[in-house]
Amino acid sequence: MRMVLVVVFAALALWRAWIDWHATISQGYAYRLASVESAVSSFAPSTYRGVTQSIQSLGLPWLWDPVTTFILGLPLALLPAALALVLWLTRRRARGRG
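Each number in the working numbering comes from the position in the sequence shown (counting from 1) with 3 added on.
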């Protein structure tokens, strides 16, 4: 089951990178991966506004500035790729013969 998840997450990461490649190269721009923020704000703008306002209203400036803005600035294709990598590295290994 873990290998199936690794393959699914790796395929999602490659699919998103392919979508970004077509969105930039076909328009004549340099290849650029879409950020989490741009994808979420275009897919669900009202949810994005509500979540950002609720995080900012918590009164914890360290939560918004360095943490949340860093996460939202990451490339979207990196998230499923990182999940696939974590699942791959934490799988059970075959025991040695000795």
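Virtual Cβ for every residue (Gly too), placed ideally from N, Cα, C.
Just to check my reading of the structure: residue i and residue j have Cβ atoms closer than 8 Å, yes? What is that Cβ distance to the nearest angstrom?
i	j	result
Asp-23	Ala-80	7 Å
Ala-42	Ala-87	Not a contact, Cβ separation roughly 18 Å.
Leu-90	Val-9	5 Å
Have a look at residue i and residue j and give me their C-alpha separation to the nearest angstrom.
i	j	result
Gly-76	Pro-48	16 Å
Ser-57	Trp-65	14 Å
Trp-102	Gly-53	Not covered by the structure: residue 102. The range shown for the chain is 4 to 101.
Ile-28	Tyr-34	6 Å
Val-7	His-25	27 Å
Leu-63	Phe-46	27 Å
Ala-97	Tyr-32	46 Å
Please determine, among the options, the residue with the shortest C-alpha to C-alpha distance to residue i.
i	options	result
Thr-71	Thr-55, Pro-78 and Leu-82	Thr-55
From the DSSP output, in three-state form, read off residue i for me.
i	result
Leu-57	Leu is not the amino acid found at residue 57; the sequence shown has Ser there. Looking at Ser-57 - three-state DSSP - the assignment turns out to be helix.
Ser-49	helix
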